[in-house]
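When we follow full-length UniProt numbering, the leftmost residue of the sequence shown carries the number 1, and every step to the right adds one. Don't be surprised by glycine CBs; every beta carbon is placed ideally from N, CA and C.
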Amino acid sequence: MNDNGSLLPGHPDGATPEDDGLTEVHRRMLTSVVEVARAIFEAQAGSIFLLDEERDELVFAAVSGRGEDFLVGRRFPASKGIAGWVVRSRQPITVDDVSRQGTFAHDVAEATQYVPTALMAAPLLCGERVLGVLEVLDRNPAMRTSLAGMDLLALFAGQAALALELTERHRDRARTAAPPPPGHPAPLSELAAVLDGLPGERTDAGRRLVDALRDILA
């Protein structure tokens, strides 16, 4: 645990139990999800936390923006913060002012070296099981998309959950050609349609995400 008791170090080699089971394609997929979510929402930062059920901790698995150079692999109790609330409730949340949100873990945010004003978070769901949380910090409030903000974030979270589910299938050597189970919010075609025509770096990030998904689903 660090000096302020809020963030726990990862494994000495920087890996986490979840990372050990992820292929390079799946790691790239999670990073792409965060990068695209951050780009589309024009957010200052974004993260995917994976739930370590054995230790009851959330682990930074992918980060874009502030903290991306040192946060991956760090962990904190799954009972803490807004991300912890998302895990327990299995519900997405939008917070416009974290100072007014009682569940916000200020000590954890300070340990990441970035304390946001606002955030959005959505669970990564595989059926009834929570695999983790996708979070974006301080999005541009003027941002407009073809989908409502929470619907769009849930779409990204669903694709990340699908990638993680496929990772588990590979890990168990249960490779099948079966379609994703009910509960995933949208197929790849819908995601591609949302990303189509985005300007500048948002287009590049979107293409990387779609390519990573196609690699996984191939």
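- For residue 55, there is no enclosing beta strand (DSSP E), since its DSSP letter is neither H nor E.
- The beta carbons of residue 64 and residue 89 sit no closer together than 9 Å.
- Taking every protein chain shown into account, the CB of residue 148 has fewer than 16 other CB atoms within 10 angstroms, so this residue is exposed.
- The DSSP assignment places complete beta strand (DSSP E) segments of no fewer than 3 residues inside the region 112 to 148 at 119 to 126, 129 to 137, in order along the chain.
- DSSP, reduced to helix, strand and coil, places residue 94 within a strand of the structure shown.
- Residue environment analysis places residue 53 among the exposed positions, since fewer than 16 neighbouring C-beta atoms fall within 10 angstroms of its C-beta.
- Residue 74 counts as buried, since at least 16 other C-beta atoms from the protein chains shown sit within 10 angstroms of its C-beta.
- Residue 161 carries a helical assignment under DSSP once its states are collapsed to helix, strand and coil.
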